[in-house]
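Trainee: I am attaching a structure below and will ask some questions about it afterwards.
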Amino acid sequence: MECKLPFPRVRTTDWCRTMKIAQVAPLFESVPPHAYGGTERVVSYLTEALVEQGHEVTLFASGDSVTAATLVPMVERSLRLDPRRPDWVMRHVMMVDKVFEQAAAFDVIHFHIDFLHYPLARRSKTPCVTTLHGRLDIPDLRPLHAQFGTHPLVSISNYQRRPLWNANWCGTIYHGLPKSLYRFHERPKDYFAFIGRVSPEKGVDRAIDIALACGKPLRIAAKVDAADEAYFKREIEPRLAHPLIEYIGEIGDDQKSDFLGNAHALLFPIDWPEPFGLVMIEAFACGTPVVAFGGGSVREVMQHGVTGYVVDDVASAIEAARAIERIDRRGCRQVFEKRFTADRMAQRYVQVYQALLRAPETPAGSSTEGAELPL
16 MECKLPFPRV RTTDWCRTMK IAQVAPLFES VPPHAYGGTE RVVSYLTEAL VEQGHEVTLF
76 ASGDSVTAAT LVPMVERSLR LDPRRPDWVM RHVMMVDKVF EQAAAFDVIH FHIDFLHYPL
136 ARRSKTPCVT TLHGRLDIPD LRPLHAQFGT HPLVSISNYQ RRPLWNANWC GTIYHGLPKS
196 LYRFHERPKD YFAFIGRVSP EKGVDRAIDI ALACGKPLRI AAKVDAADEA YFKREIEPRL
256 AHPLIEYIGE IGDDQKSDFL GNAHALLFPI DWPEPFGLVM IEAFACGTPV VAFGGGSVRE
316 VMQHGVTGYV VDDVASAIEA ARAIERIDRR GCRQVFEKRF TADRMAQRYV QVYQALLRAP
376 ETPAGSSTEG AELPL
């Protein structure tokens, strides 16, 4: 579907290099997060890269966020860490109202909070665009996006957009990391790594099976949400007593470089339609290859035989993990530098912003990653 732009020409400087950009982040975690938090982490990398490229960026986020942009704090601290457990819907509705109160101050408003803002975005004179960060195979999303069918969207993988193939897609833009965030590790230590969240779809139980079959230690850096506590206690906790299995809990960016970089491989045995998989490119940045199940976007992000191996079952994963030394670690880093840096991500988003600000007769086009937007 061609990306239709519902906005009129709004300023004479629409296509100039310097733009006034609002980034609207979820309030569940700080930007960047103290530990786990994929969407907020990406918003941070994008925001800082846009500032470095000379744009005037305003970040609507929790008050414990850290940024070179102008921070507009919407809550005192991230909701997940607030012991008062404030209502998340109420707080996000209040944030959306505040954003649109200030809308005239921006050239473009970029939302990362799913769909709460759609009704006001449709009535806004300032162009709005939304990056959808989650899975889209939820039935109720179809009538929602049919009703708001002109709202411009960005997907984080081509696979992610398939359930909503006829939505108003203005591009697929892969996530990116700051080039210097993670250090290249040429010589790993003797363990596999798992990082993310403990839940059935993330596959930590399968990661344990793979590591034990290889006789290799597995280090697990993961958080346990309240919804997954019963699963953790029933399925995972009893297996942590094995001498080869080490559970270290949540870690932040300051620990990830060594945790991932010293691993022989990252195990990513997912069982769900992964929209992107940020941890895969974090591993590439460290030079660490990945053994991944091929769900969702994995085959877009991974290059089989170059950045690791894409497999379909535990038996194949065990075989791949045993052969992981065949993967050139420097090649993994090179793929990261070519495809997945924050600078590249920011440049691609600027193309989307500029396209939104052009006259309606010059549409952005429904591009995919790797193809330039017609501007």
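Using our numbering, read the sequence shown as starting at 16 and increasing by one per residue.
Heads up, the beta-carbon is just placed ideally off N, CA and C, and yes, glycines get one too.
1. Per DSSP, what kind of secondary structure is residue 366 in: helix, strand or coil?
2. Are the beta-carbon atoms belonging to residue 77 and residue 92 less than 8 Å from one another?
3. Could you give the DSSP three-state label for residue 184: helix, strand or coil?
4. Answer with buried or exposed for residue 181, where buried requires no fewer than 16 other C-beta atoms within 10 angstroms of its C-beta.
5. What number of angstroms, rounded off, separates the C-alpha of residue 200 from the C-alpha of residue 226?
6. Which runs of the beta strand (DSSP E) fall wholly inside the region 266 to 310 and span at least 3 residues, in chain order?
7. Report buried or exposed for residue 109, applying the criterion of at least 16 other Cβ atoms within 10 angstroms of its Cβ.
8. What separation, rounded to the nearest whole angstrom, lies between the Cα atoms of residue 13 and residue 71?
9. Run the CB neighbour count on residue 303, radius 10 Å, all protein chains shown included, and call it buried at 16 or more, exposed below.
10. Taking three-plus beta-carbon pairs below 8 Å as touching, is the region 200 to 213 in contact with the region 275 to 287?
11. Out of 206, 307 and 85, state which residue places its alpha-carbon closest to the alpha-carbon of residue 232.
12. By the 10 Å Cβ neighbour count, where 16 or more other Cβ atoms means buried, how is residue 165 classified, buried or exposed?
13. Do you know offhand how far residue 30's Cα is from residue 45's?
14. Where does residue 114 land, buried or exposed, given buried means 16+ other C-beta within 10 angstroms?
15. Please state the DSSP three-state secondary structure of residue 59.
16. Answer yes if the region 161 to 176 comes into contact with the region 127 to 145, meaning at least three C-beta pairs across the two stretches below 8 Å, and no otherwise.
17. Using only CA atoms, which one of 357, 79 and 230 lies nearest to residue 260?
18. Per the DSSP calculation, residue 324 is bridged to which residue(s)?
19. Could you work out which residue in 111, 248 and 184 is closest to residue 132 when comparing CA atoms only?
20. Short of 8 Å in beta carbon distance, which residues of its chain neighbour residue 33, apart from the five on each side in sequence? Order them along the chain.
21. Can you give, in chain order, each stretch of the beta strand (DSSP E) that sits fully within the region 153 to 233 and has at least 3 residues?
Mentor: If we stick to the structure as given:
1. In this structure, residue 366 counts as helix in the three-state DSSP scheme.
2. yes
3. Reduced to three states, the DSSP call for residue 184 is strand.
4. exposed
5. 21 Å
6. Taken in chain order, the unbroken stretches of beta strand (DSSP E) that lie wholly in the region 266 to 310 and span 3 residues or more are 280 to 283 and 305 to 308.
7. Per the 10 Å Cβ criterion, exposed.
8. Residue numbering for the chain in the displayed model covers 16 to 390; residue 13 lies beyond these limits and cannot be assessed.
9. buried
10. The region 200 to 213 makes contact with the region 275 to 287: 3 or more CB pairs, one atom from each, lie closer than 8 Å.
11. Nearest C-alpha to residue 232: 206.
12. exposed
13. Unreliable placement is indicated for residue 30, whose pLDDT of 44 sits below 50; the coordinate value is still reported in the next sentence. So the two alpha carbons sit approximately 31 Å from each other.
14. buried
15. helix
16. yes
17. 230
18. Looking at the DSSP output, residue 324 bridges to 306.
19. 111
20. 69, 70 and 71
21. Listed in chain order, the complete beta strand (DSSP E) runs (minimum 3 residues) inside the region 153 to 233 are 168 to 170, 184 to 187 and 207 to 212.
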